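K.L.:
Below: one structure in structure tokens.
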């Protein structure tokens with residue numbers, strides 16, 4: 014059974030998500046993009062609300078807009094297990110530029126002890142000039158990542174399963190696992206997409222829009238939807254054997 018990660022924007026939503034059964038809490042600001050970074054105060058208050066009851070990840074935006082981790086004080090990483098930085102714009106024409114690869118590796122190395130970087134692959138990588146899965150997998154091992162997230166950069170209605178077939182997604186999961194990486198599936202996932210990512214073998218299913226009112230990722234979190242997602246992921250069909 015895959016774990017459920019729910020993205021939240023503040024401390025109130027963090028408490029709602031925990032109560033409704035989320036296994037991981039992710040903090041970001043959806044209005045600022047796929048991996049939009051929340052304000053420092055919002056991150057701190059949400060982490061305080063979680064109080065160590067769930068592992069926490071935070072989004073730090075896109076690398077091309079990121080100077081360094083000094084934008085967050087060291088104490089603001091307290092209680093954070095993983096951080097995510099998007100790589101859109103770093104691979105024009107599908108070729109990851111060495112300087113951007115080095116900058117990402119440098120950022121990974123600069124994180125405080127106990128905070129792990131997440132390797133983020135955009136399923137629409139050719140559309141947003143991000144690295145291919147192969148390039149990122151190699152860099153993830155160099156950076157010492159323990160997990161890989163597959164997301165979508167553009168939130169225009171096309172989900173992860175529109176970019177990868179079930180067999181392709183299953184192969185990506187296999188390769189990530191073969192390299193010792195946990196596989197996190199995201200990218201405008203809805204309830205109808207969950208059977209595909211579950212069958213592919215994803216370790217964690219990450220959602221925002223599916224956990225919000227009217228499937229709008231910028232609308233408030235809906236605790237009832239989080240509960241439904243958790244129940245869906247926990248459901249195991251009865252065996253045909255009697």
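Numbering (this note's numbering), first residue to last: 14 to 255.
The C-beta atom is built at its ideal place from N, Cα and C for all residues, glycine as well.
Since the structure is predicted, the reported quantities are computational estimates derived from the model, not experimental observations.
#1: Terminal residues of the continuous alpha helix (DSSP H) containing residue 109?
#2: Any idea which residues DSSP pairs residue 92 with across the strands?
#3: Quick one: what's got a C-beta closer than 8 Å to residue 239's C-beta in the same chain, skipping five residues either side?
#4: Check the DSSP bridge columns for residue 196 and list the partner residues they point to.
#5: Are there 16 or more other CB atoms within 10 angstroms of the CB of residue 204, so buried, or fewer, so exposed?
#6: If you draw a straight line from the alpha carbon of residue 27 to that of residue 44, how long is it in whole angstroms?
#7: For residue 188 and residue 150, which I take to be in contact (beta-carbon distance under 8 Å), what is that distance rounded to the nearest angstrom?
#8: At which residues does the alpha helix (DSSP H) containing residue 60 begin and terminate?
#9: Assuming contact is defined by CB atoms lying nearer than 8 Å, are residue 246 and residue 207 in contact in what I supplied?
#10: With a 10 Å radius around its C-beta and 16 neighbouring C-beta atoms as the bar for buried, classify residue 229 as buried or exposed.
#11: With respect to the beta strand (DSSP E) encompassing residue 129, which residues constitute its N-terminal and C-terminal limits?
#12: Where does residue 147 fall in DSSP's three states?
#13: May I have the straight-line CA-CA distance separating residue 127 from residue 193, to the nearest angstrom?
#14: Shortest alpha-carbon distance to residue 160 belongs to which of 226, 218, 212?
P.N.:
Straight from the coordinates:
#1: Taken as a continuous stretch (DSSP letters only), residue 109 belongs to no alpha helix (DSSP H), as it is neither H nor E.
#2: The partner list for residue 92 (beta bridge, DSSP) is empty, contrary to what the question assumes.
#3: 17, 19, 29, 30, 33, 34, 35, 224
#4: 161
#5: exposed
#6: 17 Å
#7: 7 Å
#8: 53-63
#9: yes
#10: exposed
#11: 129-135
#12: helix
#13: 18 Å
#14: 218
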